[in-house]
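Residue numbers (the working numbering), protein chains in the order written: chain G, 57 to 395; chain C, 57 to 395.
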DNA sequence: AACGCTAATCTAAACGTTTCGATCATGTCA
DNA sequence: TGACATGATCGAAACGTTTAGATTAGCGTT
């Protein structure tokens, strides 16, 4: 900018005024300055600007796994929304790892991000402290956090799983295996509650042996399914509370020599692009990823636009059961349900 | 830092020296300073540091679609690699859109990213100019760019498709449909070359009606497949040069009332997590995503470590044909190939 | 002609670091 | 004892912006 000012024989203040439109500058000088900018190929240094202004027009986004199709989609939507608003997005993947998450959030705050969207991990104690100290707006995504009182976008997980399990019960299933992710994040609580509520509403006993836990990865789903299928009285249906784990479920079913839906019915949380292309077409609980991403972005953009003092807003969206053909009515022949 | 200096009754220079270890500071002052840092909860401002140092420890990463599983995986690997190295990653999705890409790269350069990894879009003319002006190292990912002479990591696309098509030919297929992405990016050229080479090597004619183009999206694959299947003498196999498009291919096959592999064989570029879980298990060309991401990260990290003047390095990795059961031998019964 | 008003422009301080060179003890050596 | 090297600390400039407040010029009023 100094060079531009010299070339145009004006002060840097005038150049700044023209670029930002913060003051009127005469047509004559405007032209000289614009010419100088072109000649020199001047580009404003956003870092210097950030330092002075105290804002970076950059936000931080942390998710557990970008390879989980739910997060992939949400990240994509959020990225586009902020792109439109002229913000850059710094992406971090925590790999469901608590220390990583805390380090990354600190890294982002050091870099003076203007806001944060966090699909958190862990109990949130440190997150709470970070959020309290750092004076940036935070939007919680997918997972709320006790004690952290801030904007959030979540799914009505309990209702969604209730619907899915009730669907299985209506098909005649009585022993329904349930594979949960670890309990330290809120959705896993709520989804389990939905499972229990559905069983209870149907007057079915909640049998502990039918519930297994995993750590969100394919291998965990595989192991959990193997255990369920080895039970003396094995379940006729399995619901996986997380998408990557259901891959393991399907592989375990295949490896043990069974097939879905003939021998066992399967449904899971989170839809994905391939779900209705192959056989079996998997019955899933689809989250409204577009809406979730947009709402999260809007909440944060609203705070960034200056609406700092409004009370925390929690948006709860509804999931949708996508009924396909991976669950068969008990008693019906396999033929009658294949596509 | 000023507050810390005052609280510890030293100068800011001493505080800086201690924090960065750039000069020895006496145990006594060290202790006072560290105490003050704790008391105040001081965190170094990375923006001010960047301004002074001329480096942000942040890189920019642009990909066409993060929802394409190939890019999802590569982004994940790259993000982790830079995370380990203490760098932040700014992610941009260009949606295969040229203007978007150019804007985003400028946005990143304005923010003084230290380096760029680009899975480019378009003819690269502007990219070339940007790369020339901006004095940051650039690594091209997946797609090279005529005239832009810089580090790159690509696949041996021609060979990979040659292998896949040759496999189909060996199974007895003679009329093999080919669905390409648009030709303005290098891999599509090379993949097409692999297709033609394989046909030629087998003495088969290259029939123009068997080649269709799409714009990388599911709907394009759907339309292209519909056209291929409507041909008077329809192909017995279809190869899709891009992963999202093959979803469209499978849907078109289903909608037209055919089934794979009984009526038509399908293979495609890019593997994905579900490929061997459902039926048919799709035969794909798997890219070594882990290696691609790591190599790209390493090339850039090497430049960032100061190795600026080495000549451009182009790494070409090999794809791997994952043979599953979506392609049947011509003449064999459907039974003999189902899993 | 003196005055005030407005519009255009400029000067200089500030943002929070890093770092060069200066300063000042302190101890060592001739 | 004076000169000098050494080690620790500090002052101040610099990075490239923004912006408050000062300055100047032009012009209409009285």
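Ideal placement from N, C-alpha and C gives every residue a C-beta, glycine not left out.
Notebook entry, point to check: In the region 87-103 of chain G, which residues sit with their C-beta less than 9 Å from some C-beta in chain C, listed in chain order?
Noted result: 97, 99, 100, 101, 102 and 103
Margin query: Against residue 306 of chain C, what residues of chain G qualify as contacts under a CB-to-CB distance less than 9 Å, listed in chain order?
Written below: The count along the second chain starts at 1 and reaches residue 306 of chain C at position 250. 330, 333 and 334, listed in chain order.
Next item on the list: Give the secondary structure of residue 395 of chain G by DSSP, where H, G and I count as helix, E and B as strand, and everything else as coil.
Entry: Counting from one through the first chain, the residue named residue 395 of chain G turns up at place 339. Confidence in residue 395 of chain G is poor, its pLDDT being 37 and thus under 50, which makes the residue's placement unreliable; the coordinate value appears in the next sentence. Correct three-state label for residue 395 of chain G: coil.
Next item on the list: Step through the CB atoms of chain G and report whether any lies within less than 9 Å of the CB of residue 286 of chain C.
Entry: Translated into the one-based positions of the second chain, residue 286 of chain C becomes position 230. No - not a single Cβ of chain G is within 9 Å of the one on residue 286 of chain C.
Check: Taking the alpha-carbon positions, what's the residue 363 of chain G to residue 354 of chain G distance?
Finding: Taking the first residue of the first chain as 1, we reach residue 363 of chain G at position 307. Taking the first residue of the first chain as 1, we reach residue 354 of chain G at position 298. Rounded to the nearest angstrom, the two C-alpha atoms are 12 Å apart.
Next item on the list: Quick one: which residues of the region 148-166 of chain G get their C-beta closer than 8 Å to a C-beta of chain C? List them in chain order.
Entry: 148, 149, 151, 156, 160, 162, 163, 164, 165 and 166
Notebook entry, point to check: Start and end of the alpha helix (DSSP H) containing residue 325 of chain G?
Noted result: Counted from its first residue, the first chain places residue 325 of chain G at position 269. Careful: residue 325 of chain G lies outside any alpha helix (DSSP H), inside the beta strand (DSSP E) at 321-325.
Checklist line | Cβ-based contacts, 8 Å cut-off: residues of the region 69-82 of chain G near chain C | finding: none
Margin query: For residue 168 of chain C, which residues in the same chain have their Cβ closer than 7 Å to its Cβ, ignoring the five residues on either side in sequence?
Written below: Translated into the one-based positions of the second chain, residue 168 of chain C becomes position 112. So the qualifying residues of the chain are 106 and 112.
Checklist line | Burial state of residue 70 of chain C, where buried means 16 or more other Cβ atoms lie within 10 Å | finding: Taking the second chain and counting its residues from 1, one reaches residue 70 of chain C at position 14. Residue 70 of chain C should be labelled buried.
Next item on the list: For the region 256-298 of chain C, list the alpha helix (DSSP H) runs that are entirely contained and at least 4 residues long, ordered along the chain.
Entry: 274-285
Notebook entry, point to check: Does residue 300 of chain G get closer than 9 Å to chain C when you measure Cβ to Cβ?
Noted result: As a working note, residue 300 of chain G is residue 244 in the first chain. Yes, residue 300 of chain G counts as interfacial toward chain C.
Next item on the list: Quick one: grab the DSSP three-state call for residue 389 of chain C.
Entry: Indexing the second chain from 1 puts residue 389 of chain C at position 333. Interpretation of residue 389 of chain C is limited by its pLDDT of 41, a score under 50 that renders its predicted location unreliable; the figure taken from the coordinates is listed afterwards. Coil at residue 389 of chain C, not helix or strand.
Margin query: If you follow the beta strand (DSSP E) that residue 376 of chain C is in, where does it begin and where does it stop?
Written below: The count along the second chain starts at 1 and reaches residue 376 of chain C at position 320. Looking at the DSSP string, the run of the beta strand (DSSP E) that includes residue 376 of chain C is 376-378.
Next item on the list: Can you have a look at residue 152 of chain G and say buried or exposed, based on whether 16 or more other CB atoms are within 10 angstroms of its CB?
Entry: Indexing the first chain from 1 puts residue 152 of chain G at position 96. Label assigned to residue 152 of chain G: buried.
Checklist line | Neighbour list for residue 5 of chain G in chain C, Cβ cutoff strictly below 9 Å | finding: The structure shown does not extend to residue 5 of chain G, since chain G is modelled only from 57 through 395, so no value can be given for it.
Margin query: Tell me which residue opens and which closes the alpha helix (DSSP H) that residue 106 of chain G is part of.
Written below: In the first chain, the residue the question calls residue 106 of chain G occupies position 50. Per DSSP, residue 106 of chain G belongs to the alpha helix (DSSP H) from 102-109.
Notebook entry, point to check: Which stretch, first to last residue, makes up the alpha helix (DSSP H) that contains residue 147 of chain C?
Noted result: Counting from 1 along the second chain, the entry for residue 147 of chain C is found at position 91. Premise fails: residue 147 of chain C lies in the beta strand (DSSP E), 144-149, not in any alpha helix (DSSP H).
Note to self: If you follow the beta strand (DSSP E) that residue 234 of chain C is in, where does it begin and where does it stop?
What the structure shows: Here residue 234 of chain C corresponds to residue number 178 of the second chain, with the count starting at 1. Looking at the DSSP string, the run of the beta strand (DSSP E) that includes residue 234 of chain C is 232-237.
Item checked: Selected residue, minimal CA-CA separation from residue 147 of chain C, among C:155, C:188, C:160 and C:137 -> Here residue 147 of chain C corresponds to residue number 91 of the second chain, with the count starting at 1. Residue 147 of chain C has its Cα closest to that of C:160, out of C:155, C:188, C:160 and C:137.
Margin query: Going by DSSP, what residue range makes up the alpha helix (DSSP H) through residue 220 of chain C?
Written below: For the purposes of this step, residue 220 of chain C is taken as the residue at position 164 of the second chain. Counting along the chain, the alpha helix (DSSP H) containing residue 220 of chain C begins and ends at 213-226.
Item checked: 8 Å Cβ cut-off: residues of chain G touching residue 122 of chain C -> Walking along the second chain from the start, residue 122 of chain C turns up at place 66. Per Cβ cutoff of 8 Å: 122, 128, 131, 132 and 135.
Margin query: Below 8 Å, how does it come out for the region 211-219 of chain C and the region 241-255 of chain C: are there three or more Cβ pairs, yes or no?
Written below: yes
Next item on the list: Could you round the C-beta distance between residue 178 of chain G and residue 154 of chain G to whole angstroms and report it? I think they count as a contact, below 8 Å.
Entry: Numbered from 1 along the first chain, position 122 holds the residue referred to as residue 178 of chain G. Numbered from 1 along the first chain, position 98 holds the residue referred to as residue 154 of chain G. Right, their Cβ atoms sit about 4 Å apart.
Check: Can you pull the DSSP bridge partners for residue 37 of chain C?
Finding: Only positions 57 to 395 of chain C appear in the structure, and residue 37 of chain C is not among them; the question remains open.
Next item on the list: Note down, in chain order, each residue of its chain lying with its Cβ closer than 7 Å to the Cβ of residue 317 of chain C, except the 5 sequence neighbours on either side.
Entry: Translated into the one-based positions of the second chain, residue 317 of chain C becomes position 261. Within the same chain, residue 317 of chain C has close Cβ partners 336, 381, 382, 383, 384 and 393.
Notebook entry, point to check: Can you tell me whether DSSP reads residue 312 of chain G as helix, strand or coil?
Noted result: As a first step, residue 312 of chain G must be located in the first chain, where it is residue number 256. Residue 312 of chain G falls in the coil class under three-state DSSP.
Check: Got a sec? Which residues, its chain only, sit under 6 Å from residue 370 of chain C by beta carbon, not counting five neighbours each side?
Finding: Looking up residue 370 of chain C in the second chain gives position 314. Within the same chain, residue 370 of chain C has close Cβ partners 208.
Next item on the list: Would you kindly report the start and end of the unbroken beta strand (DSSP E) that includes residue 342 of chain G?
Entry: For this step, residue 342 of chain G is matched to residue 286 along the first chain. Taken as a continuous stretch (DSSP letters only), the beta strand (DSSP E) holding residue 342 of chain G covers 339-342.
Note to self: Considering only DSSP beta bridges, list what residue 210 of chain C is partnered with.
What the structure shows: The count along the second chain starts at 1 and reaches residue 210 of chain C at position 154. Its beta-bridge partners are C:372.
Check: To which residues of the same chain is residue 252 of chain G closer than 8 Å at the C-beta, ignoring the five residues directly before and after it?
Finding: Position 196 of the first chain, counted from the first residue, corresponds to residue 252 of chain G. 262, listed in sequence order.
Check: What distance in whole Å lies between the Cβ atoms of residue 306 of chain C and residue 322 of chain C, which are believed to be in contact at a cut-off of 8 Å?
Finding: As a working note, residue 322 of chain C is residue 266 in the second chain. As a working note, residue 306 of chain C is residue 250 in the second chain. That pair is a contact at about 7 Å.
Check: Could you check where the alpha helix (DSSP H) with residue 128 of chain G kicks off and where it finishes?
Finding: Reading the first chain from its first residue, position 72 is the one you call residue 128 of chain G. 125-140 is the extent of the alpha helix (DSSP H) around residue 128 of chain G.
Notebook entry, point to check: Looking at C-alpha atoms only, which residue of C:192, C:129 and C:232 is the closest neighbour of residue 289 of chain C?
Noted result: Locating residue 289 of chain C in the second chain gives position 233, where the first residue counts as 1. Out of C:192, C:129 and C:232, C:232 has the C-alpha closest to the C-alpha of residue 289 of chain C.
Next item on the list: Please confirm if the region 182-194 of chain C is in contact with the region 323-331 of chain C, defined as three or more CB-CB distances below 8 Å between the two stretches.
Entry: no
Margin query: Less than 9 Å between CB atoms is the rule here; does residue 340 of chain C satisfy it with respect to chain G?
Written below: To locate residue 340 of chain C, count along the second chain from 1; it is residue 284. By this cut-off, residue 340 of chain C is not an interface position.
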